[in-house]
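Numbering (the working numbering), first residue to last: 22 to 782.
Below: one structure, written as structure tokens.
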């Protein structure tokens, strides 16, 4: 490490880098140079004579791992280190110790859709009645069990729980089917390794000795299984350094446990805690808005965020009348800077809570002639044609992969229908083997027509021929699959736009394989290519060198940064999401999600809402997000683009949109998350409920006390429309109402003291 690089570290960063032995907790605020600290720390350990094989660095995205690896190439050239995501690390370990859990080393990693197909096959074999639930709900329940380290053998249903009763039967059967197919799902990668470390003290001690120094990035996003793995590897050598920020924990919905970082000092009482509080990314106004917002959360570790950057322009809070105007306005602003050459398209990013909100933006950007990219790396590998080709490769690598075989046995069409496939399943079950085995004995299967047997036999011979190529470079294997199977001809048979696009996607897969082959010279890399494709992250498809406007969800934006950021649809029901409204932990996570989005912005930030938004097939009047009540008015510039609003409602946006004439926003009492007055320019929920004008008084209708609601009463909600109260419970501030809505929204429960619900007139 050169003296120049060393001198560039702050005192806090240097303290974290120079800590060698013993546990270390680095509380790193957004934009505080976290990656730089982690990589410099690894380089420092190497300088202290610690062998690279004894260092393990775990991240949450492939992009973060690649960035860390690239920086270490400069800081410590020539060193081979274990750097990767938790899932890649566990997959690598599991290849080595597969027999311990009943697998072969060439096991397949099922993605979400493959896992669901496997589960549906399990349900079909069990002939269970699913009229009251869905396979997707069962899949989520199984995933939750695995994230909590509850195996199929250990699962016990709660008393009187119908879902638990069926799960007790289906979960073990699903797991048996996975093992029979020599396959694992995403959760299994963690569960198998965690259980191995728990049940084999010899193996645990061996790996603990191997990985004496462990660094974990984004520790706030670890779930129970990941926690158990890291904990088990840090018993004999507790040199565990974790980096994270409780304020950026946004994956609770997929099992992340915020307590892992909040209670780290309890797990390791002699831990050294280092706080990285200086932000190098954002302007003063942007950082101030983020800091004030996140202080409304209770479950956090306080930090004093600060920056030496200029204050910059205030954060804009903009209201449009419709989502189309919102999208058109954003696209026009970007075009006004890009077309004259003042900025590049890649300087801009637009974030949203759910993917469905990107449609209007795409149209608007196209109309302005602006190039854009939608970031969803997983989406490419979920396309039908890509999964078809990869299923051929998976079957070559793992002949027991029944899910892959079922996908391709009649793709392209070979005249092999459902009845034939049913006979093959019955034969496989009778033989105790795989569908691939059954295909090899198709001539002896009773009830199989001569025509069907011929088609199956031809397919089996095709796979036999392709298997001879499994040691070739991956691009060559894919090329042969496309040609010998007839799949290329199948896609190229027409000039239809859909078929042309599918063929182009397959060509893109060939390009990806060629790049992989360059990075992994030699033969026999098929297994690693499939593993890489299975474990792709959402942000892996984002290329910062592409000169395009970036569209992505707030979740996908984690770890990135852009000069100019727009966050759209900051509205109740979207941000925060409707599922979080009455659960404080979920509400705090939604606030953290907005905090993450805000802190991605370097120079300019706009938050926006639309008075009307089309969503899920409905045209609704919206309610501004309660989070807008929590933003500091001194760092906001309010812009109202709702026609005529100022004339009707003096309390809302001022028509003069200049900085100097901006009205002073009204700040609610600290801690007031609902009720009260919105900041200037933010129409209140009560206003939006009222169809009739308020006479220009600017005073929203008074919400009735909770005890004035009664069962059977007709009510109105700004998002869900008219409904009827079907049940009431609790009293005073805790009084709840269950409402059945007339517009297809079903039944929903509200805390009346915190809800915009009011009696219908």
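Virtual Cβ for every residue (Gly too), placed ideally from N, Cα, C.
Source: prediction; values computed, not measured.
Top-ranked residue by Cα proximity to residue i, from the options
| i | options | result |
| --- | --- | --- |
| residue 614 | 271, 266 and 163 | 271 |
| residue 132 | 47, 210 and 533 | 210 |
| residue 608 | 433, 620, 72 and 593 | 593 |
| residue 475 | 512, 437, 508 and 363 | 437 |
| residue 246 | 205, 324 and 170 | 170 |
| residue 553 | 59, 49, 111 and 591 | 111 |
| residue 355 | 655, 72 and 388 | 388 |
| residue 586 | 307, 471 and 264 | 307 |
| residue 175 | 142, 363 and 166 | 166 |
| residue 378 | 158, 212 and 345 | 345 |
| residue 651 | 311, 444, 659 and 636 | 311 |
| residue 789 | 42, 36, 193 and 417 | In the structure as shown, the chain begins at 22 and stops at 782. Residue 789 is therefore absent and cannot be evaluated. |
| residue 326 | 168, 48 and 422 | 48 |
| residue 541 | 508, 493, 567 and 523 | 493 |
| residue 264 | 173, 62 and 754 | 62 |
| residue 639 | 543, 578 and 739 | 739 |
Neighbour-count burial assignment, residue i, 16 or more Cβ in a 10 Å radius
| i | result |
| --- | --- |
| residue 722 | In this prediction, residue 722 has a pLDDT of 49, which is less than 50 and means its spatial position is unreliable; what the coordinates show is noted afterwards. That one is exposed. |
| residue 32 | exposed |
| residue 747 | exposed |
| residue 197 | exposed |
| residue 227 | exposed |
| residue 455 | buried |
| residue 366 | buried |
| residue 260 | buried |
| residue 605 | exposed |
| residue 294 | exposed |
| residue 64 | buried |
| residue 44 | buried |
| residue 177 | exposed |
| residue 350 | buried |
| residue 243 | buried |
| residue 321 | buried |
| residue 276 | buried |
Boundaries (first-last residue) of the alpha helix (DSSP H) holding residue i
| i | result |
| --- | --- |
| residue 648 | Careful: residue 648 lies outside any alpha helix (DSSP H) and carries neither H nor E. |
| residue 135 | 133 to 147 |
| residue 451 | 439 to 452 |
| residue 652 | Counting along the chain, residue 652 falls outside any alpha helix (DSSP H), and DSSP gives it neither H nor E. |
| residue 309 | 305 to 315 |
Rounded distance between the beta-carbons of residue j and residue i, thought under 8 Å
| i | j | result |
| --- | --- | --- |
| residue 758 | residue 773 | 6 Å |
| residue 191 | residue 146 | Residue 191 to residue 146, Cβ: 10 Å. No contact. |
| residue 557 | residue 402 | 6 Å |
| residue 371 | residue 572 | 5 Å |
| residue 258 | residue 288 | Not really, about 15 Å apart at Cβ, beyond 8 Å. |
| residue 574 | residue 369 | With a Cβ gap of about 16 Å, residue 574 and residue 369 do not count as contacting. |
| residue 409 | residue 429 | 6 Å |
Cα-Cα separation between residue i and residue j, rounded to whole angstroms
| i | j | result |
| --- | --- | --- |
| residue 130 | residue 657 | 48 Å |
| residue 733 | residue 776 | 18 Å |
| residue 348 | residue 460 | 54 Å |
| residue 446 | residue 164 | 26 Å |
| residue 109 | residue 465 | 42 Å |
| residue 684 | residue 382 | Only weak support exists for where residue 684 lies, its pLDDT of 31 falling under 50; the value from the coordinates is given anyway. Spanning the two alpha carbons is a distance of roughly 30 Å. |
| residue 361 | residue 390 | 13 Å |
| residue 569 | residue 394 | 6 Å |
| residue 546 | residue 495 | 7 Å |
| residue 702 | residue 316 | Confidence in residue 702 is poor, its pLDDT being 44 and thus under 50, which makes the residue's placement unreliable; the coordinate value appears in the next sentence. Going from the Cα of residue 702 to the Cα of residue 316 covers about 23 Å. |
| residue 11 | residue 231 | Nothing about residue 11 can be reported from this structure: the residues present for the chain run from 22 to 782 only. |
| residue 71 | residue 222 | 25 Å |
| residue 17 | residue 629 | Residue coverage of the chain in this structure runs from 22 to 782, which leaves residue 17 outside it and unanswerable. |
| residue 503 | residue 128 | 23 Å |
| residue 75 | residue 217 | 20 Å |
| residue 506 | residue 481 | 11 Å |
| residue 534 | residue 528 | 10 Å |
| residue 745 | residue 135 | 41 Å |
First and last residue of the uninterrupted beta strand (DSSP E) at residue i
| i | result |
| --- | --- |
| residue 591 | Taken as a continuous stretch (DSSP letters only), residue 591 belongs to no beta strand (DSSP E), as it is neither H nor E. |
| residue 370 | 369 to 373 |
| residue 118 | First-last for residue 118: 107 to 118, but that is the alpha helix (DSSP H), not the beta strand (DSSP E). |
| residue 289 | Per DSSP, residue 289 belongs to no beta strand (DSSP E) and is neither H nor E. |
| residue 378 | Per DSSP, residue 378 belongs to no beta strand (DSSP E) and is neither H nor E. |
| residue 771 | 768 to 772 |
| residue 122 | First-last for residue 122: undefined, no H or E at that position. |
| residue 627 | 622 to 636 |
Residue i at chain D interface by Cβ criterion, 8 Å
| i | result |
| --- | --- |
| residue 458 | You won't find chain D in this structure, because it holds only one protein chain. |
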